[in-house]
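For the sequence shown, the UniProt record's numbering assigns the number 1 to the initial residue and increments by one for each residue that follows.
Each remark here refers to the structure printed beneath this line.
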Amino acid sequence: MEGIFSSNDDDIYGTGYLPGVNLRPPNLLSGYYYSSFPSSPEFSFSFPLIFNPNLIHFDFKWKTGDVLMIDCGGVGEGTWQSDGEFIQTGQSSKVQEFGGNWGREMDTLRFFPDQNKNCYTLPAVPQGKYIIQAGFFYGSYDGKHAPPSFDLLFDGNYWATVDTIRESPSFKEAIFFAKKKTVSVCVARIPAYSDQIPFVSTLVMVKLPLPFFYSRLGGDSALVMESRVNFGSPSDIWFTVDMYSRIWFPGVSPFYRNVTAPEPRNIRALDDDPPSSVMTSTIEAPNPSESMIFPFTLYEKKRLVYVNLYFTEAKASKKQRMFDVFINGKNMSLDLFLQYEMGIEVSLVLDAESSLFNLSLVPKEGSTLPPTISGLELFSIIEELANGTSDDDVKGLGKLTSNWERLKGWTGEPCLPSFSTWDWISCDSKDPPRVISLNLGSCGLEGQIIDFSQMQALEVIDFHNNSLNGSIPDFLGRLPNLKILNLADNQFSGIVPESIIQNKKISLDISGNSQLRYHPAKEKNNISMVLGISVGGASVFIVGCVLLFVLPNLIKREEENEEPAHAEPEDIPQEAPTGPSMRELDEDPVAEDRNDQFQEVSEEFRKQMEVDVEELLARSGRYSSEEDSDN
């Protein structure tokens with residue numbers, strides 16, 4: 001049979017229930033939840049979750065100072081603070097529909113129309129364990145009545161996809177260890193929905209006590225909340241006060257009995273410190289022979305799941321309550337033994353072979369009391385967190401974003417996840433990833449280039465069409481992997497550094513810099529190259545021949561052909577000029593005035609010396625007497 005609920009004041013849709021909506025986020029506050037149980041000979045019913053949205057208001061009470069509550073896009077009131085010190089991008093706005101029901105902090109938001117990824121930077125203690133909760137309430141703030149979808153990230157890890165709705169908030173929660181002094185929480189556009197604009201309404205971050213909370217969580221993994229239910233909570237108590245920011249959603253059904261239990265005497269000894277109201281409200285099957293089934297749909301398929309089950313014995317009776325716990329048809333063999341005024345917490349880590357997670361409580365033979373349950377927490381597990389971009393690259397990028405105003409909004413993890421890097425960089429796929437390209441052409445950059453030489457993996461630097469000035473830094477030519485350096489159409493001045501000119505691996509573009517001069521260094525004289533080669537006694541003889549015969553002949557021919565009328569003293573070189581660089585060089589005014597005949601002699605000298613050296617190396621010490629006589 002199906003449970004059909006009539007419309008009442010608690011039903012904000014006026015439908016009585018929401019067909020097809022399973023017990024799961026993100027729309028955890030959208031009215032009734034309707035989960036159809038699979039039909040079987042023994043069970044065929046519906047399980048709606050009921051709560052009153054008019055009572056919803058985030059009025060957290062904390063017992064610890066390790067909490068940060070951010071009203072995104074708002075001014076901050078009471079325990080909530082504005083988000084200005086945590087982010088430098090985005091615009092503030094207010095909801096236009098369905099406001100006023102979820103608390104003032106949910107009526108404001110920050111949206112991000114420009115960058116593909118925008119990040120909040122939150123303070124943290126390295127190796128501290130944190131709960132972070134993000135809230136999203138669309139409320140047609142943009143007047144378009146088109147709720148967006150986008151990705152949610154933390155510290156370079158994919159967290160969840162946020163599918164917002166108009167009428168009510170959505171929430172995402174993660175539990176993990178911080179690796180550094182800050183944690184980045186980012187919203188990013190989904191490539192397939194690049195026209196949809198991300199936004200955030202609230203952020204809450206709480207430091208958990210160590211080591212007991214969620215003790216099966218490893219230091220390199222994270223828990224992503226799938227569902228959290230307080231079974232048996234009355235419909236008019238929508239939210240139980242939890243000092244750790246956890247939201248427990250009430251779960252009741254007309255087919256199960258709501259039972260109030262005394263507060264367990266050992267409640268503070270339970271590892272994950274559930275609120276008192278979770279442990280004092282329970283539901284149980286209507287008779288000792290009937291099972292209880294709770295189906296859930298997981299967002300993340302084929303991940304490990306982490307589940308906490310909470311039980312309280314509500315009856316002081318000599319009768320026996322015995323039941324088995326099955327998950328997806330498998331008996332967990334827990335051998336539960338419930339005692340009056342005592343609570344039990346059970347934690348399990350399981351493989352999720354599909355998106356379905358079915359919890360069944362099945363009575364054992366001889367049980368005289370029905371199965372019961374007080375609360376449930378269900379998480380998917382991110383098994384390996386990202387290490388983040390190379391520290392050297394993070395430092396270098398930090399210098400760039402600090403130096404140029406146009407880049408100051410870029411914070412958070414630069415390269416990860418790989419589908420959501422910063423707009424103006426490219427990264428490789430190594431671990432940790434390295435930045436291999438800076439794509440900053442036409443970005444409105446002004447001023448000088450600062451030193452970011454620690455970014456040693458760079459292969460491409462593109463600064464073209466900006467307003468950069470001053471001299472070109474020498475360190476650019478010393479980056480070991482640099483292949484392309486585009487500095488065109490700027491306002492650089494001075495001389496291109498020798499390190500760049502001599503680096504034959506770099507393809508250089510400096511066009512459009514009228515005050516910049518390119519003066520290639522003189523190549524090492526081929527005579528010096530010859531003298532620097534150790535080739536044994538025969539080679540020494542050949543070198544002597546070069547010095548005694550070739551050089552004097554060329555110098556003599558040069559002197560005979562000189563025309564003093566065209567040779568100013570200042571134009572006569574003090575040493576043999578080198579040949580042209582392998583690059584295409586700008587015209588040198590001094591070089592244009594040199595005597596044509598002098599250039600002819602110089603060129604002949606250079607060619608002859610190159611031939612001599614090449615043959616010297618090729619023949620390993622043998623020298624042609626015919627060539628010697630020609631010279």
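Backbone N, C-alpha and C fix where the C-beta goes; we use that ideal spot for every residue, glycine too.
Top-ranked residue by Cα proximity to residue i, from the options
{"i": "Ser514", "options": "Ser493, Thr202 and Val187", "result": "Ser493"}
{"i": "Gly143", "options": "Leu334, Asp273, Tyr244 and Ser93", "result": "Ser93"}
{"i": "Gln491", "options": "Arg517, Lys504, Ile500 and Lys483", "result": "Arg517"}
{"i": "Thr280", "options": "Leu338, Ile70, Gly343 and Pro295", "result": "Gly343"}
{"i": "Asn486", "options": "Glu498, Ser499, Gly512 and Arg478", "result": "Gly512"}
{"i": "Val252", "options": "Arg104, Thr401, Ser499 and Thr372", "result": "Thr372"}
{"i": "Thr79", "options": "Val67, Met332 and Ile293", "result": "Val67"}
{"i": "Phe296", "options": "Glu353, Leu378 and Val346", "result": "Leu378"}
{"i": "Asn266", "options": "Glu300, Gln339 and Ser245", "result": "Gln339"}
{"i": "Thr182", "options": "His145, Ile461 and Pro126", "result": "Pro126"}
{"i": "Leu438", "options": "Gly139, Phe294, Arg228 and Asp423", "result": "Asp423"}
{"i": "Val278", "options": "Ile247, Arg303 and Pro254", "result": "Ile247"}
{"i": "Ile461", "options": "Arg406, Ser429 and Leu400", "result": "Leu400"}
{"i": "Asp351", "options": "Leu361, Met332, Glu345 and Leu336", "result": "Met332"}
{"i": "Leu208", "options": "Asp272, Arg268 and Pro480", "result": "Asp272"}
{"i": "Gly375", "options": "Leu385, Gln96, Ser347 and Glu365", "result": "Ser347"}
{"i": "Thr368", "options": "Ser317, Phe111 and Lys395", "result": "Ser317"}
{"i": "Ser201", "options": "Phe311, Met69, His519 and Phe176", "result": "Met69"}
Cβ separation of residue i and residue j, assumed to be a contact under 8 Å, to the nearest whole Å
{"i": "Asn469", "j": "Gly444", "result": "Incorrect: roughly 14 Å between the Cβ atoms, too far for contact."}
{"i": "Arg257", "j": "Glu284", "result": "5 Å"}
{"i": "Phe136", "j": "Phe199", "result": "7 Å"}
{"i": "Phe231", "j": "Thr282", "result": "6 Å"}
{"i": "Lys505", "j": "Lys483", "result": "6 Å"}
{"i": "Ala124", "j": "Ala178", "result": "4 Å"}
{"i": "Phe249", "j": "Glu167", "result": "Rounded, the Cβ-Cβ distance is 16 Å, inconsistent with contact."}
{"i": "Ile197", "j": "Pro148", "result": "6 Å"}
{"i": "Pro417", "j": "Ile425", "result": "So it is not a contact: roughly 14 Å between Cβ atoms."}
{"i": "Gly412", "j": "Gln88", "result": "So it is not a contact: roughly 11 Å between Cβ atoms."}
{"i": "Glu226", "j": "Tyr130", "result": "Wrong, their Cβ atoms sit about 18 Å apart, outside the cutoff."}
{"i": "Gln448", "j": "Lys395", "result": "Between Lys395 and Gln448 the Cβ distance is about 19 Å, and since that is not below 8 Å, they are no contact."}
Element boundaries [beta strand (DSSP E), containing residue i]
{"i": "Gly470", "result": "Ser467 to Gly470"}
{"i": "Glu345", "result": "Gly343 to Asp351"}
{"i": "Ser426", "result": "Ile425 to Cys427"}
{"i": "Ser215", "result": "From DSSP, Ser215 is part of no beta strand (DSSP E); its letter is neither H nor E."}
{"i": "Glu173", "result": "Ser170 to Phe177"}
{"i": "Tyr306", "result": "Leu304 to Thr312"}
{"i": "Arg110", "result": "Thr108 to Phe111"}
{"i": "Cys119", "result": "Lys117 to Pro123"}
{"i": "Cys186", "result": "Thr182 to Ala188"}
Buried or exposed by the 16-neighbour rule on C-beta atoms within 10 Å, applied to residue i
{"i": "Ala457", "result": "buried"}
{"i": "Asn287", "result": "exposed"}
{"i": "Thr15", "result": "Because the pLDDT of Thr15 is 24, which lies under 50, any placement of that residue in the model is unreliable, and the number read from its coordinates should be weighed accordingly. By the 10 Å Cβ count, Thr15 comes out exposed."}
{"i": "Asn101", "result": "buried"}
{"i": "Phe419", "result": "exposed"}
{"i": "Gln133", "result": "buried"}
{"i": "Gly90", "result": "buried"}
{"i": "Leu193", "result": "Checking the displayed sequence, the identity of residue 193 turns out to be Tyr instead of Leu. When all chains shown are included, Tyr193 counts as exposed."}
{"i": "Ile510", "result": "buried"}
{"i": "Phe212", "result": "exposed"}
{"i": "Pro589", "result": "Low confidence applies to Pro589: its pLDDT is 42, below 50, so where it sits in the model is not reliable, and the reading given next is rough at best. Classification for Pro589: exposed."}
{"i": "Pro433", "result": "buried"}
{"i": "Ile450", "result": "exposed"}
{"i": "Pro363", "result": "buried"}
{"i": "Thr421", "result": "buried"}
{"i": "Ser402", "result": "exposed"}
{"i": "Gly366", "result": "exposed"}
{"i": "Ala146", "result": "exposed"}
{"i": "Phe337", "result": "exposed"}
{"i": "Arg110", "result": "buried"}
{"i": "Glu584", "result": "Bear in mind that the predicted position of Glu584 carries a pLDDT of just 39, short of 50, making it too unreliable to give a figure here."}
{"i": "Ser84", "result": "Sequence inspection shows Gly at residue 84; the Ser mentioned does not correspond to that position. By the neighbour-count rule (16 or more Cβ atoms within 10 Å), Gly84 is not buried but exposed."}
{"i": "His519", "result": "exposed"}
Continuous alpha helix (DSSP H) stretch holding residue i: start and end
{"i": "Gly398", "result": "Asp391 to Asn403"}
{"i": "Ser277", "result": "Ser276 to Met279"}
{"i": "Ser367", "result": "That residue, Ser367, is in no alpha helix (DSSP H); it is neither H nor E in DSSP."}
{"i": "Ile501", "result": "Glu498 to Ile501"}
Practice task
Evaluate the contact criterion for the region 202 to 219 versus the region 149 to 162: three or more CB pairs, one atom per stretch, below 8 Å.
Solution key: Touching, no, given that fewer than three Cβ pairs across the two stretches are closer than 8 Å.
Handout entry: At least 3 beta-carbon pairs within less than 8 Å: the region 383 to 403 vs the region 318 to 331
Key = Not touching, per the Cβ criterion.
Exercise for the section: Spell out a yes or no on whether the region 343 to 361 and the region 305 to 324 are touching, meaning 3 or more CB-CB pairs, one atom from each, closer than 8 Å. Expected result: The region 343 to 361, when compared against the region 305 to 324, does touch it at the 8 Å Cβ threshold.
Exercise for the section: Decide yes or no for the touch test of the region 103 to 118 against the region 172 to 187: beta carbon pairs closer than 8 Å, at least 3 of them. Expected result: The region 103 to 118 is in contact with the region 172 to 187.
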